[in-house]
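Just so you know, full-length UniProt numbering puts 292 at position 292 of the sequence shown, and the rest follows in order with no gaps.
Cβ coordinates follow ideal geometry from the N, Cα and C atoms, glycine included.
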Amino acid sequence: MRVAEVVGRALYEHGARHVFGVVGSGNFHVTNALLAAGARFVAAAHEGGAASMADGFARTSGTVGLLSVHQGPGVTNALTGLTEAAKSRTPMVVLAPEATAPRSNFFIDLPALATSVGADFRRVHATHAAEDTGAAYRAAARGATVVLGLPLEVQHAVTEPWSGPVLPVEPAPATVARVEPLLAALQAARRPVFIAGRGARAAREPLTRLADACGALLAVSAAAKGLFAGDPWNIDVAGGFATPLAAELIGTADLVVAWGSTLNMWTTRHGELIPPSAVVVQVDHDPAAFGVNRPVDLTVAGEVTAVAEAVLGRLDAGSTGPVDTWRTPELAQRIREHGRWRTVPYRDEGGPERAGTPATIDPRTLSAALDDLLPPDRTVVVDSGNFMGYPSMWLDVPDVAGFCFTQAFQSIGLGLASALGAAVARPDRLTVAAVGDGGFVMSAAELVTAVRLALPLLVVIYDDAAYGAEVHHFGPDGHPLETVTFPDTDLAAIARGYGCDGLTVRTVDDLGPVRRWLAGPRTRPLVVDAKVCAALGSWWLEEAFRGH
């Protein structure tokens with residue numbers, strides 16, 4: 001059996017069932033080997049889109065994503081999506097053919113490239129190809145983006161046929177440092193808040209039990225939105241997306257425990273959200289993450305679930321918590337009534353057509369109306385840009401798997417393809433891609449893929465005819481904006497040209513066709529070109545700009 005066939009068979013036997021990519025000569029045989037074994041191949045229009053599809057699939061399914069690309073330019077075309085995945089610690093394997101001759105026009109320093117973006121690198125060798133492949137898959141399953149180098153000459157070498165075994169994915173060591181100081185801090189606190197981040201996405205159950213035991217309120221970073229959905233003490237996202245009530249409550253906490261979160265500037269509003277008097281604890285499996293963004297008073301090394309369970313064990317052993325916490329019926333009612341952005345009043349900035357100026361819709365009004373229309377079982381995927389807070393704050397999600405936030409690299413243009421991967425992962429849910437007009441135009445070619453797959457995908461374009469973040473960053477200082485503003489474009493017509501249904505929205509009344517599309521049969525994607533008002537910049541980006 002040729003090595004390329006061994007690699008494909010080994011990946012399938014380890015659990016790979018979907019592979020996203022663009023096929024060229026370098027990955028032709030390994031991709032066909034995966035298909036022959038029983039995997040499904042999703043052909044993207046561009047390697048950049050394929051990388052984001054694999055990323056979105058892995059985040060939404062909770063399994064390893066698989067990306068297959070051509071050597072050289074196939075790898076570099078995928079680089080932005082690959083970087084987003086690596087920075088998000090997405091479990092993903094990249095099948096990267098290598099032209100190893102330095103004078104080959106396809107040659108790139110693949111190990112250095114992987115290292116430069118934070119991905120792991122491994123290489124397949126002819127004498128132990130199955131073992132190398134299995135090790136790469138297991139490393140990805142433990143939470144890494146792995147670039148698997150497949151030298152062209154090695155792929156064609158003949159080796160022993162695949163014969164197993166499939167080794168189990170060993171979890172990261174569950175060793176936990178002493179938790180008594182954390183236990184003491186929890187027992188002494190009267191106003192504790194838990195902030196769970198990306199590293200806590202699998203720890204809802206132990207964290208909610210521990211919060212119940214010590215009277216803590218529950219918050220999340222944006223990357224973990226939905227983790228505590230439905231819990232009566234959930235105050236949702238901390239940081240720039242925090243509701244006024246969440247900001248108030250976190251601002252009066254006497255203890256903040258960051259679970260799998262580094263408390264970056266987004267989560268803490270440049271450090272202003274957490275009061276100086278609060279004791280701050282950071283729990284993380286990686287000690288190198290301690291204090292990277294702000295000073296902390298106490299650190300606990302260990303995987304989040306293991307630490308939470310260890311503290312619960314001490315409590316069950318007889319330790320008593322505080323007799324009074326802020327979990328009162330009055331606070332529970334405030335959270336019910338004011339814990340969502342839907343309950344926060346605002347002045348609608350949209351306007352009707354005047355003197356030939358077309359009507360526009362306030363992005364908050366648009367998002368609230370969509371939230372009412374969409375079924376509860378949904379996956380919301382948000383691209384980057386000035387608009388990104390509106391769907392993140394106004395669209396509810398059922399759980400942590402229902403929210404995919406492509407912000408680790410802060411590149412626009414990744415949301416649409418990530419949504420395609422999410423839709424493949426969860427066909428039982430409606431997938432909503434929330435994108436800006438700039439990001440949509442960058443990635444519109446992947447509508448071909450969406451139509452080919454007949455995905456029931458809803459794409460909502462927050463269209464302000466500009467790179468809105470730059471407009472509101474530089475505009476107030478009087479800088480010229482011709483390079484970041486654009487003529488109003490009929491993006492719905494572009495979507496129809498790709499084979500989608502397309503709709504232009506300027507008022508809430510224009511959303512009627514969305515309701516009809518949702519009623520079924522949803523055989524084609526629907527793209528909504530929402531002409532949003534652009535008079536004001538988003539307040540969360542105004543806060544972020546203070547850091548530049």
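Outcome for residue i when other beta-carbon atoms lying within 10 angstroms are tallied against a minimum of 16
i	result
H156	exposed
T19	First, the amino acid is wrong: residue 19 is Val here, not Thr. Under this definition V19 is a buried residue.
W539	exposed
R59	buried
T127	exposed
P358	exposed
L273	buried
R516	exposed
A255	A quick correction: the sequence has Leu, not Ala, at residue 255. Classification of L255: buried, given that the 10 Å Cβ count is 16 or more.
G478	exposed
S277	exposed
A444	buried
N105	exposed
Contact belief for residue i with residue j at Cβ below 8 Å, rounded distance in angstroms
i	j	result
A498	V435	Checking the sequence shown, residue 498 turns out to be Tyr, not Ala. Not really, about 14 Å apart at Cβ, beyond 8 Å.
A213	L312	7 Å
A51	L82	5 Å
residue 551	V93	Since the displayed the chain opens at 1 and closes at 548, residue 551 lies outside it and no answer follows.
D529	A492	4 Å
I361	R506	6 Å
R2	V158	6 Å
L315	R294	Not quite, the Cβ-Cβ distance comes to about 28 Å (not below 8 Å), so this is no contact.
P398	P376	6 Å
residue 633	A229	Residue 633 cannot be examined here, being either before or after the span of the chain that is shown, 1 to 548.
W394	W341	5 Å
A425	F57	5 Å
V154	H14	No, V154 and H14 are not in contact; Cβ-Cβ is about 19 Å, not under 8 Å.
Closest by C-alpha distance to residue i, when choosing among the options
i	options	result
T90	S392, V432 and A408	A408
E542	L150, A216, G26 and G239	G239
Q410	L315, H270 and D383	D383
G62	P456, G468 and G402	G402
L95	G24, G291, G385 and R142	G24
L518	V237, T262 and T431	T431
L182	A433, V281 and D463	V281
V283	P276, V292, A37 and G49	V292
N77	A44, T100, P102 and S88	A44
A495	L458, D371 and A242	L458
E353	G251, K531, D120 and L66	K531
A247	A310, A306, V279 and H338	H338
P287	S261, G502, H270 and P275	S261
Coil, strand or helix - residue i by DSSP
i	result
residue 565	Absent from the structure is residue 565, since the part of the chain shown begins at 1 and ends at 548.
M388	coil
F107	coil
I195	strand
N27	coil
Y467	coil
A229	coil
D236	strand
T115	helix
V380	strand
V256	strand
S367	helix
F440	helix
C500	coil
L148	strand
I250	helix
Y137	helix
Cα-Cα separation between residue i and residue j, rounded to whole angstroms
i	j	result
T145	D488	39 Å
W162	G149	19 Å
A308	A301	12 Å
A224	E160	44 Å
V206	A258	As written in the sequence, residue 206 is Pro, which differs from the Val given in the question. Near 14 Å, if we compare the C-alpha coordinates of A258 and P206.
G351	C533	8 Å
F290	A369	41 Å
S116	P513	46 Å
A454	R334	43 Å
L298	R191	17 Å
G118	P521	42 Å
E5	L34	8 Å
D231	A253	19 Å
D132	G21	21 Å
G415	P391	12 Å
N386	A86	24 Å
V147	D120	6 Å
A99	D109	10 Å
Residue i beta carbon near the ligand PLP (any heavy atom closer than 7 Å)
i	result
A99	Summarising the ligand content, the structure contains no ligands, and the ligand PLP is consequently not present.
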